[in-house]
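Worksheet: one structure, shown below.
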């Protein structure tokens, strides 16, 4: 490995070769100053984060699990590779290249400034040094390749998600332009690229400068990039003296760039090196399915002022890299609403930096009182917050664990508290408070859909049952969904399931009420249902409504209601696996399936519905956006109760058009009462040029189980 005749101890690189004492003094003064600037910046950021509201302390056992999960996520880059594989892989080149180069620099510092002066230990020579050179070359090459790709992507590919245009502002607004972020992005890339390039140039210049030293020249190909540059420099006429002068200039340029970059990390986009890991460490893994429980006795239960915001959201705001994945995934933004989840996060970042201090920490008392919602510069517009469907697409795809959904919900709670909402929404919440349902119907009418059944459903309030079916509002009152409820009841009855319902004792579970931001009404509804359920005898709860399923399963435990809860599709899959229901025939038509947000993205209920579809014999063709990337129907977050404003497209219409692109489609299959309502209307609105229907999964299964019944959809039918 080392040519014969060369002393291995000479195979090394003298760090400050030919440096005068005053040069060393300047370097160390500048280095210490940069490290001090870095330390001050860290202090300023921590001061800012501490101004937020404290959350519950993490248990020591939980910290270990979180650290391991964070390490795995960072090391694998799994969140960065999702839906943008190339960018994720090239970011890994940058990350691992930077990490190895940093470790290499730390290794040099360890010998030169610590172990060498203190105990005389020197290890940076011989075979270790050659392997070190090769490793650094590979790391630097990957680092530069990753940076060049990101520059090409940002400068020439220009994916729409990297366009920082704000849908919640107009050019006349003072905070419309986000050009400074674009400048920061390019400055970040160019700085890193120059650090990498000057490092390689420095290596090549040093080789030519010391070409007469066999320990340097004869081992040069252990740094192949530097050796190639050295060959180029010699080819254009560089002498040892000329290369020595070039080496000195490059040394200072490279060193100053690297140290300046370190100093600026806490104040620039580079801080995501640390805040992204912190965000993932602190994140709530149940953020989109389990909203924070509000203290109804507190002065306020939402976010009105900057000081109300939880500290971890301030960390997450700094962790955001503006990658645009949430922006791209948001159905409201796609439909023309004034909402981009990225802008929600950046607005919080700007508020915190302005009023709590990013470089010079400001007094918390003044900054924390900054209002968050309003029409002033830098504040959240109410229409922006009301545009959210609470579907979780943004939070689910964020590679650094930002929790957009609960943040928006906490801001909405303030709007509800102040009565600033659409009149239609206000009327619906009033109806729910009065009647226990969003249709403003008498409680006595809730079980009316059961009258057309040829059998009596048990009243779970009066006799014990094995399965308590929590029906939900739309499945009880909406005529189209009542057909589905009857189909589900017939399947349970034919399977011999001992089941019952709460009849007029049931009220809405409150999922959408809570996601609107009406925390007080939600807790009132939940406590009422928990009280009713507490007087019943049952083993498990089943519901056909994903919204009710999510809240009963994930949010009622906060209020003392812990149950074994299953969605209908998972329960039907169990019955089929046990042989209690068996398809009698195969259905011969083509369908696509819409994943409901609350069943799929929030609760990972992807497989059971598809297995049921497979059992019916239909041909399933997936839409481009399915499973965790499914597009919202548009009805979540209470938007099912609010009319769409002029100038926007119905979110459901975008979904209907996506389904219409499937050749030979007979039916769009849904698995949620609200999705049924929103998508059936959307299909009618879009004209349904492809002639397909919207059907509920249970209807299809009932058709396959009961062939003597009239077909819900004749094979390859021409239906409107």
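Residue numbers (UniProt numbering): 1 to 720.
Ideal placement from N, C-alpha and C gives every residue a C-beta, glycine not left out.
Just so it is clear, the structure is predicted and the values come from calculations on it, not from any experiment.
Rounded to whole angstroms, the Cβ separation of residue 594 and residue 536 is 33 Å, and the two are not in contact under 8 Å. For residue 4, there is no enclosing beta strand (DSSP E), as DSSP marks it with neither H nor E. Rounded to the nearest angstrom, the gap between the Cα atoms of residue 576 and residue 614 is 12 Å. If you draw a straight line from the Cα of residue 328 to the Cα of residue 530, it is about 39 Å long.
Judged by their CB atoms, residue 439 and residue 548 are not nearer to each other than the 8 Å cut-off. In the structure shown, residue 371 falls within a strand segment according to DSSP collapsed to helix, strand and coil. Ranked by Cα distance from residue 36, the options 458, 156 and 259 are led by 259.
Contact annotation: residue 564 and residue 581 have beta-carbon atoms that are not nearer than 8 Å. The bridge partners DSSP lists for residue 541 are 468 and 565. For residue 590, the beta-bridge partners assigned by DSSP are 619. Under DSSP, residue 667 shares a beta bridge with 591 and 693. DSSP places residue 460 outside both helix and strand once states are collapsed to three, so it counts as coil. Pairwise C-beta distances place the segment 309-321 in contact with the segment 32-52, as three or more of them are shorter than 8 Å. With 16 or more other Cβ atoms from the protein chains shown falling within 10 Å of its own Cβ, residue 511 counts as buried. For residue 14, the three-state secondary structure derived from DSSP is coil. Judged by pairs of C-beta atoms under 8 Å, the segment 342-352 touches the segment 366-383, as three or more such pairs exist. Minimum Cα-Cα distance from residue 538 among the listed residues 612, 525, 513 and 461 corresponds to 461. In summary, residue 32 is exposed, with fewer than 16 beta-carbon neighbours lying within 10 Å of its beta-carbon over all protein chains present. Put simply, the backbone Cα of residue 435 is about 6 Å away from that of residue 443. Here residue 625 has 631 as same chain residues with Cβ atoms under 6 Å from its own Cβ, once five neighbours each way along the sequence are excluded.
The segment 305-314 makes no contact with the segment 332-343, as fewer than three CB pairs between them are under 8 Å. Contact between the segment 210-224 and the segment 174-181 is absent: fewer than 3 CB-CB pairs across the two stretches fall below 8 Å. Under the three-pair Cβ rule at 8 Å, the segment 111-119 does not count as touching the segment 156-164.
Bridge partners of residue 380 according to DSSP: 373. About 5 Å separates the beta carbons of residue 301 and residue 413, which is inside the 8 Å limit, making them a contact pair.
Around the beta-carbon of residue 569, 16 or more other beta-carbon atoms lie within 10 Å, marking it buried. If only uninterrupted alpha helix (DSSP H) runs of at least 4 residues are considered, those enclosed by the segment 484-550 are 511-516 and 519-534. Along the length of the segment 625-672, whole beta strand (DSSP E) runs at least 3 residues long occupy 667-670, reported in chain order. When DSSP states are grouped into helix, strand and coil, residue 574 belongs to the helix group.
Taking a 10 Å sphere around the C-beta of residue 18, we find fewer than 16 other C-beta atoms and assign the residue as exposed. In this structure, residue 208 places its C-beta atom within 8 Å of the C-beta atom of residue 243. According to DSSP, residue pairing for residue 310 in a beta bridge involves 53.
Taking 8 Å as the cut-off, the Cβ atoms of residue 612 and residue 573 count as close. Cβ atoms of residue 361 and residue 80 stay farther apart than 8 Å, at about 32 Å. Residue environment for residue 331: buried (at least 16 other C-beta atoms within 10 angstroms of its C-beta). Secondary structure of residue 184 (DSSP, three-state): helix.
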